[in-house]
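Engineer: Take this structure, written in structure tokens, and hold onto it; I'll ask about it next.
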Amino acid sequence: MTQSSAGSGLDYSALSPITSVQEQINLLLLETLQQLADAGEPDAACRIAGKACKILRSTAPKDERRFNALLHRLVRRL
Numbered sequence: 252m253t254q255s256s257a258g259s260g261l262d263y264s265a266l267s268p269i270t271s272v273q274e275q276i277n278l279l280l281l282e283t284l285q286q287l288a289d290a291g292e293p294d295a296a297c298r299i300a301g302k303a304c305k306i307l308r309s310t311a312p313k314d315e316r317r318f319n320a321l322l323h324r325l326v327r328r329l
């Protein structure tokens, strides 16, 4: 899926084959949450990002930091 086929967002064709499925799904969710906020729903995007942080905190701290960073960027829109 390229940027043109997905609208705005990441170019998934550049993902390395060593990128885990979990990382690819996390990137997809991060992009979707950003688009949700851009569509006028920053509160919903923040709630979901917060839930993702809670889920990932103990098992995937690197991924949790990505969602935490998004959450901090989006909270300014509230």
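One point on numbering: in this note's numbering, the residue at position 47 of the sequence shown is 298, and numbering is uninterrupted. Ideal placement from N, C-alpha and C gives every residue a C-beta, glycine not left out.
Quick one: Cα of residue 325 to Cα of residue 301, how far?
Structural biologist: C-alpha separation (whole angstroms): 11 Å.
Engineer: Could you have a look at residue 303 and say whether DSSP puts it in helix, strand or coil?
Structural biologist: Helix, per DSSP.
Engineer: Assuming the contact rule is C-beta atoms closer than 8 Å, residue 294 and residue 321 should be a hit. Round their C-beta distance to whole Å, please.
Structural biologist: Rounded, the Cβ-Cβ distance is 14 Å, inconsistent with contact.
Engineer: Quick check: the Cα distance between residue 297 and residue 270, rounded to an integer number of angstroms?
Structural biologist: Those two C-alpha atoms are separated by around 26 Å.
Engineer: Use the C-beta contact count for residue 289: other C-beta atoms within 10 angstroms, 16 or more gives buried, fewer gives exposed.
Structural biologist: Label assigned to residue 289: exposed.
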